[in-house]
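Chemist:
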Amino acid sequence: MNNRLCEMFGIDVPIFAFSHCRDVVVEVSRAGGMGVLGMARMSPRRLREELRWIDAHIDGRPYGIDVLMPSTYSEAGELKFDMERLVPHEHVEFVRGLLDAAGIPPLPQEERDEIVHNLLSELSFTPAESMAMVDIAMEHPIKLIVNALGSPPPALVEAAHARGIKVAAMAGKAKHAQRHRDRGCDFVIAVGGEAGGHTGTISSMVLWPEIVDAVAPLPVLGAGGVARGRQVAAALALGCEGVWCGSVWLPSAQSELMPEIKQRLIEASAEDSVHTRAVTGKPCRTLRSAFTDAYERPGAPTPLPAPLQNLLWWAEGRTRVERVRAREWLTYPVGQVVGSLTATSSVRDIVYGMMEELLGARERLNDMFD
Ligand SMILES: Cc1cc2nc3c(=O)[nH]c(=O)nc-3n(C[C@H](O)[C@H](O)[C@H](O)COP(=O)(O)O)c2cc1C
Numbered sequence: 007m008n009n010r011l012c013e014m015f016g017i018d019v020p021i022f023a024f025s026h027c028r029d030v031v032v033e034v035s036r037a038g039g040m041g042v043l044g045m046a047r048m049s050p051r052r053l054r055e056e057l058r059w060i061d062a063h064i065d066g067r068p069y070g071i072d073v074l075m076p077s078t079y080s081e082a083g084e085l086k087f088d089m090e091r092l093v094p095h096e097h098v099e100f101v102r103g104l105l106d107a108a109g110i111p112p113l114p115q116e117e118r119d120e121i122v123h124n125l126l127s128e129l130s131f132t133p134a135e136s137m138a139m140v141d142i143a144m145e146h147p148i149k150l151i152v153n154a155l156g157s158p159p160p161a162l163v164e165a166a167h168a169r170g171i172k173v174a175a176m177a178g179k180a181k182h183a184q185r186h187r188d189r190g191c192d193f194v195i196a197v198g199g200e201a202g203g204h205t206g207t208i209s210s211m212v213l214w215p216e217i218v219d220a221v222a223p224l225p226v227l228g229a230g231g232v233a234r235g236r237q238v239a240a241a242l243a244l245g246c247e248g249v250w251c252g253s254v255w256l257p258s259a260q261s262e263l264m265p266e267i268k269q270r271l272i273e274a275s276a277e278d279s280v281h282t283r284a285v286t287g288k289p290c291r292t293l294r295s296a297f298t299d300a301y302e303r304p305g306a307p308t309p310l311p312a313p314l315q316n317l318l319w320w321a322e323g324r325t326r327v328e329r330v331r332a333r334e335w336l337t338y339p340v341g342q343v344v345g346s347l348t349a350t351s352s353v354r355d356i357v358y359g360m361m362e363e364l365l366g367a368r369e370r371l372n373d374m375f376d
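Residues in the sequence shown are numbered consecutively from 7, following this note's numbering.
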């Protein structure tokens, strides 16, 4: 294929893959697309390791990074030291009570403290910390930086452009996309409400053309609900110049998810992707589980704001649940396309499958106009 985004990065197909898993990033880029590594929850040391590994395996193909540059956490530096105090006791007790009642063994206090400590040391809370991570990434041959939360700060755009690195940001509303354009983004990612992870409520079908028109002539990637070629065709038909996918890679052979979660994803239907604050404190599409259900019941506490709810789930919930592989309690961010993820195939097969179906869609459309 050939369009502005293919030219921008020298890629064969405008399929962009968001993943926290380095193997997925490498495989998508090697298959002709563009892998983008999610850096959330990485310590500086781990980030260096992951990027060195990518550089050694990606055959010189382009790749990017995705950074959580949290404008809303900017005052939160001191949370690092006060977290125990800031997570109210009744919330901890609620989660403990749920898991105790389900017979899921508790964590020894010492281990829990260690998990909290490690988690906090891996999270970048302030723009300065996030920028330090970006500085590490810029020592590597990255070609793209995507900002996940809000518009990228001018310092980031300037530093990236000075090195020939492109910058993009995610938008769930047209006005956010326009702000990204005004900040100097090279393209915008329009994320529909069916997407996995943090998302708004406007569906891709409505949002994509709205954003394409709002920021024209800036290129736009369509995200949210893309797992197959006909969905790529829809994004292109609606004016996008490519797609950005996250959920589709989760059950792939290269994904590092535990087999039990992959199996749950494969068995799930579209309705099992629920929009909830229970896991991170922000509206997030995730796999329905006994944990997310518990927050829907009358009398359940209102989830804490981010990042406290995330810490609560991670330190008290997730580790306990995953340790004993308590199937019904396992959850993971995933979008509505979860209903069509049917088998564990390789990332390369997924990319080629998408392209094949896209070409089929093009032919079918052409035939209609003969
Ligand atoms: C498991 C998972 C984790 C995610 N984490 C992030 C993240 O850290 N940063 C980010 O920009 N987007 C994140 N996202 C959202 C993706 O970037 C992307 O917008 C979304 O997956 C696209 O919709 P889809 O899931 O229907 O493909 C995540 C998505 C998933 C599925």
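Glycine residues also receive a C-beta, built at the ideal position from the N, C-alpha and C atoms.
Taking 8 Å as the threshold (C-beta atoms), are Val173 and Ile151 in contact?
Modeler: yes
Chemist: Helix, strand or coil, according to DSSP, for Val51 in the structure here?
Modeler: Reading the sequence as shown, one finds Arg at residue 51 and not Val. Here DSSP, grouped into helix, strand and coil, assigns Arg51 to helix.
Chemist: Can you tell me where the beta strand (DSSP E) holding Asp18 begins and where it ends?
Modeler: Taken as a continuous stretch (DSSP letters only), Asp18 belongs to no beta strand (DSSP E), as it is neither H nor E.
Chemist: Return helix, strand or coil for Val330, following the three-state DSSP convention.
Modeler: coil
Chemist: Can you check whether the CB of Phe193 is closer than 8 Å to the CB of Leu227?
Modeler: Judged by their CB atoms, Leu227 and Phe193 are nearer to each other than the 8 Å cut-off.
Chemist: Nearest CA to the CA of Glu277: which residue from Asp299, Cys12, Ile142?
Modeler: Asp299
Chemist: Any idea if Thr308 is buried or exposed, counting beta-carbon neighbours within 10 angstroms, 16 or more meaning buried?
Modeler: exposed
Chemist: Check whether the Cβ of Asp29 sits closer than 7 Å to any heavy atom of ligand 1, and report yes or no.
Modeler: no
Chemist: Please report the distance separating the alpha-carbon of Met176 from that of Gln315.
Modeler: 23 Å
Chemist: Using the C-alpha atoms, what's the distance from Pro114 back to Glu96?
Modeler: 19 Å
Chemist: By a C-beta neighbour count over all protein chains shown, 10 Å radius and 16 as the cutoff for buried, is His3 buried or exposed?
Modeler: Because residue 3 is not part of the residues shown, which for the chain are 7 to 376, the question remains open.
Chemist: Quick one: grab the DSSP three-state call for Val203.
Modeler: Note that residue 203 is Gly in the sequence shown, not Val. The answer is strand: DSSP assigns Gly203 an E or B state.
Chemist: Roughly how many whole angstroms lie between the Cα atoms of Ala62 and Ala243?
Modeler: 37 Å
Chemist: Determine the DSSP secondary structure at Asn153, reduced to helix, strand or coil.
Modeler: strand
Chemist: Val73 and Ser157 look like a contact to me (Cβ under 8 Å); what is the Cβ gap, rounded to whole Å?
Modeler: 13 Å between Cβ atoms; not a contact.
Chemist: In or out: Val212 buried (at least 16 other Cβ within 10 Å) or exposed?
Modeler: exposed
Chemist: Check whether the Cβ of Glu56 sits closer than 7 Å to any heavy atom of ligand 1, and report yes or no.
Modeler: no
Chemist: When every heavy atom of ligand 1 is checked, does at least one fall within less than 7 Å of the C-beta of Met374?
Modeler: no
Chemist: Confirm, please, whether the CB-CB distance from Gly231 to Gly341 is below 8 Å.
Modeler: yes
Chemist: Check whether the region 317-337 touches the region 193-206, taking contact to mean three or more Cβ pairs, one atom from each stretch, closer than 8 Å.
Modeler: No, they do not touch.
Chemist: Rounding to the nearest angstrom, what Cα-Cα distance links Ala367 and Lys179 in this structure?
Modeler: Within the model, the alpha-carbon separation for Ala367 versus Lys179 is close to 28 Å.
Chemist: Taking Met75 as the reference, give the member of Glu328, Ile195, Ala154, Gly190 with the closest Cα.
Modeler: Ala154
Chemist: Tell me the rounded alpha-carbon separation between Asp29 and Trp214.
Modeler: Roughly 29 Å between the two C-alpha positions.
Chemist: DSSP has Thr282 in a bridge; who is on the other side?
Modeler: Cys290.
Chemist: Per DSSP, Lys268 forms a beta bridge with which residues?
Modeler: DSSP lists no partner for Lys268.
Chemist: With DSSP as the reference, please indicate the residues paired to Lys172 in a beta bridge.
Modeler: Leu150
Chemist: Contact defined as beta carbons within less than 8 Å: I believe Ile356 pairs with Val254. What is the distance between those atoms, to the nearest angstrom?
Modeler: 6 Å
Chemist: Just how far apart, CA to CA, sit Ser258 and Val343?
Modeler: 14 Å
Chemist: Report all residues from its chain with a CB closer than 7 Å to the CB of Ser210; omit the five preceding and five following residues, and keep chain order.
Modeler: Gly198, Glu200, Gly228, Gly230, Gly231
Chemist: Out of curiosity, what's the CA-to-CA distance linking Arg47 and Arg329?
Modeler: 19 Å
Chemist: With DSSP run on the structure shown, which of helix, strand or coil describes Ile64?
Modeler: coil
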